Each structure stands twice: as structure tokens, then as C-alpha cells.
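Undergrad: Numbering (this note's numbering), first residue to last: 67 to 453.
Even glycine gets a Cβ: it sits at the ideal position worked out from N, Cα and C.
Since the structure is predicted, the reported quantities are computational estimates derived from the model, not experimental observations.
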Ligand code: G3I
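1. Consult DSSP for residue 404 and reduce its assignment to one of helix, strand or coil.
2. For residue 137 and residue 232, what's the separation of their Cα atoms in angstroms?
3. Measure the Cβ-Cβ separation of residue 294 and residue 336 and say whether it is below 9 angstroms.
4. Hey, out of 273, 330 and 413, whose CA is closest to residue 198's CA?
5. My guess is that residue 150 and residue 224 are in contact by the Cβ rule of under 8 angstroms, so how many angstroms apart are they, rounded?
6. Using 8 angstroms for Cβ pairs, my map puts residue 445 next to residue 425. What's the rounded Cβ distance?
7. Between 309, 186 and 173, which has its C-alpha nearest residue 247's C-alpha?
8. For residue 131, count neighbouring Cβ atoms within 10 angstroms of its own Cβ and tell me buried if that reaches 16, exposed if not.
9. Cutting at 6 angstroms between CB atoms, please list the residues of its own chain near residue 135, excluding the five before and the five after it.
10. Could you check the C-alpha separation between residue 361 and residue 184 for me, to the nearest Å?
11. Quick test of your reading: residue 155 and residue 129, contact by CB under 8 angstroms. State the CB separation rounded to the nearest angstrom.
12. Alpha carbon to alpha carbon, how far is residue 339 from residue 230?
13. Exposed or buried, which one is residue 252 when buried takes at least 16 other CB atoms within 10 Å?
14. For a quick check, are the C-beta atoms of residue 271 and residue 319 less than 9 angstroms apart?
15. In three-state DSSP terms, what is residue 189?
16. How many angstroms separate the CA atom of residue 264 from the CA atom of residue 213?
17. What are the start and end residues of each continuous alpha helix (DSSP H) run of 4 or more residues lying completely inside the stretch 232-275, in chain order?
18. Run the CB neighbour count on residue 451, radius 10 Å, all protein chains shown included, and call it buried at 16 or more, exposed below.
19. Is any non-hydrogen atom of the ligand G3I found closer than 8 angstroms to the C-beta of residue 287, if you look at the structure I gave you?
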């Protein structure tokens, strides 16, 4: 059975690659992927940031970016300047999710996502559309409706509205977020509201729907816990590959695998060999990979800060050395730039003066930390290798 699936995958791969070449040709003609069109932001001379940060940009084949929140991105804010100086692309961390965009059936809230997309347009950045379907960001009213009566038109209409509004500036859509669940899922697929209503096919159906509405954007399935040696991560890598194979055999439109990479020092070393194999399988299927949500959970508050920062940087370096050695990987996005804006601050940083997790490239005073320089070094080394 496994051999037959492999053969089918090989056949499909040929067809898929040809199809993708056609798509890519179309894309190369558009401003979005023109060399130099990405990351052209200029660094303000008065701003004491390392100018070398701009080496991330300049039409590099590998793109670098960060998640951002509209509330932190006011023009001229420290974060806005940091993003302009460092990033080729941005991901709305919260503001393009269904519960934020449509908190009630007739109430739309486009302003925060509009602001992010406007910011990107003004500064020559691309946008990763995050995320069309994720149970955790599905509004309560919608869960109740779909649970009461499976009605695909609700999803079709949301896709039509959101993709219709933002697709002109979105290079990559996270169509399905976090569908893998090897512990409680059905054949490895998470039993979420969409799976309950439409079965495991909700994934292929969403991707086809997205392709119809966004013929030129890259379509992504994005997931977490794929980086370590433990049995859960091992099982998740296997389940993810099986899902990808099934989708390709069925001819479902899919371009990119999103590897979130919420790293965690308590989980030990990166599973270098296994992660390499995983990425090679992805590449062999004709797919690409984006590191979509990189950060490091650490928070050993009793230790000196330089030691904590060094540990985080070493972990990031090891991870990037492993993943960037694989040609399938075409982008790296950190889940924020500064520790003070990290989602992990919600776990550790409640209350004034509470210590922060230090798992992002910049500290809470927006100063670069060793992890920033490791990212910088890894991207630069990649650029030199590709030149
Ligand atoms: O802005 C309100 C604030 O006004 C209010 O006082 C506070 C009370 O808790 O909530 C604030 O909003 C929260 C927001 O983060 C900003 O902190 C939301 O409740 C909270 O749901 C939201 O969490 C986000 C979460 O996704 C859900 O959308 C996190 O910031 C964001 O980092 C996280 O991102 C996810 C990815 O999308 C998918 N992968 C995992 C990743 C981490 O969970």
C-alpha cells in the first residue's frame, strides 16, 4: 500500500511541478515577486539600528519577516521602524483571524487587518495571510451554527470576503492552521469544528476553495510540534507527511508547508536528522516550506540574562542551520520581534515588572540580542551559498 501511494505521489509530483511552473511564471510577472520588490524599506539614519539588518532583504531568495499586531504598528513607532529595517514580509499575528474580522454574523471589523496591509504596501513588504481556518480563532457564533447544521456556504462566503479583500497583497495564505492531532484525532486529523461538520475532507475542500479565489497566492497548511525527538513530535511529522501525500495524490492545490517552530529549551536538542528527513520529503513532493512562527520558550528566570540569551541564540542557530540547509525552505518568520510583544509574555509577563520570556530577536527595549545576530548570520550564509 505504502509503495502504491509513493508511486502515485511521484506521478502527481510531475503534474504538480508543471502546474506550479505555470503559476510561477505568472507570479514572476507581478510586482510581488520581482527581485528587489521585497524589503526595499530604508533605514532611518537617526535610528540606532544595525544597518546590516538590511542584508536580510534585497530580493533574497529566502525571505525574512515577523508577526505583527496592528495595535503596535503605528507609523513611526519603534516596532514599525524595526519591521521596516529588518523584514521582507509580515504576518498579522491576530488581526486577520475570523474571530477578529467577524465577531458577529453581521459585524465586520476590517480596520486592524486593513492597517497592517496598508503598512505593508507603503513599505514594500509582503503579507502572509494568517489564518483562514483555525478552530481557536473561530467565532463562537460560527461554531454554534456549524455544529447545528454543517453549512459549507459559511466558509465559502468568509473565504470570498477575506481573500477578495486582501489577496492583492497576500503572497501566502495559511488556509488551514493546526489540523494535525495524533493523540485524539481521526486518522491523525484534529477533531475540530470543521472536521466534525465536513469530515477530514474539509482540508482539501478549503484548499480548493482558496485556490479558486486566490489563483496566484501560495497556499499553506501550517502546524506546530514538528522539531524535536519526542514521540509526539515524531508521530506528528509522520501524520503530516501522510496528509500531504494524500492531498497530492488527490491533486489538491497546495504549495507550502508551514512549520511554526515554537521552540522550547525544555524539549532538548533539535531532532536534526529527523527534521532534515521531514523537509526532504516535503521537497520531494514538490512542496516548499516556510518557518512561520519562530520563537523560543525559555524563562529560567533564576539564571543571568546573558546566559539565557546565549542559550536561546544557540538553539535558534542550531535550528536554522538544520532547516536552511534544505532547499525546500524559502522563508523564516519570527513570532514577533521584541520580547515585550511576544505571546509568551501573556504566560510569563503578567503584572508590571514581571520577568519576560526572552525568546525573540530583540529585547523589550528593542535592542538586538544574540538570537538576532544568529538569524542574521544564518540568512546571510544562506544568501552567500545561493549566490
Ligand atoms: O487585546 C486584548 C486586550 O485588550 C485584553 O485586555 C486581553 C485580555 O486577555 O486580551 C487581548 O487580546 C488577546 C491577544 O492575543 C493580544 O494579547 C486575545 O485575547 C488573545 O486571544 C490573543 O492571542 C493570540 C492567539 O494566537 C489567538 O489569536 C496570540 O497573541 C497569538 O500569538 C496566537 O498566535 C498563535 C497562532 O495564530 C497559531 N499558532 C500558535 C500561536 C500561539 O498561540
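TA: Taking the structure as given:
1. Strand at residue 404.
2. If you take the alpha carbons of residue 137 and residue 232, they lie about 19 angstroms apart.
3. In this structure, residue 294 sits near residue 336, with a CB-CB distance shorter than 9 angstroms.
4. Comparing Cα-Cα distances from residue 198 to each of 273, 330 and 413, the minimum goes to 273.
5. Beta-carbon to beta-carbon, residue 150 and residue 224 are separated by about 31 angstroms, too far to satisfy the 8 angstroms threshold.
6. Not quite, the Cβ-Cβ distance comes to about 18 angstroms (not below 8 angstroms), so this is no contact.
7. Of the candidates 309, 186 and 173, the one whose C-alpha sits nearest the C-alpha of residue 247 is 309.
8. Residue burial annotation: residue 131 is buried, with at least 16 other C-beta atoms found within 10 angstroms of its C-beta.
9. Same-chain partners within the cutoff: 159 and 160.
10. Approximately 26 angstroms, taken between the alpha carbons.
11. Yes, they are in contact, since the Cβ atoms of residue 155 and residue 129 sit about 5 angstroms apart, within 8 angstroms.
12. Their Cα atoms are separated by approximately 41 angstroms.
13. Taking every protein chain shown into account, the CB of residue 252 has fewer than 16 other CB atoms within 10 angstroms, so this residue is exposed.
14. Residue 271 places its beta carbon 9 angstroms or farther from that of residue 319.
15. It is coil, neither helix nor strand.
16. Rounded to the nearest angstrom, the two C-alpha atoms are 10 angstroms apart.
17. Secondary structure within the stretch 232-275: the alpha helix (DSSP H) runs of 4 or more consecutive residues, fully enclosed, are 259-264 (chain order).
18. Per the 10 Å Cβ criterion, exposed.
19. Flag unset: Cβ of residue 287 not near the ligand G3I.
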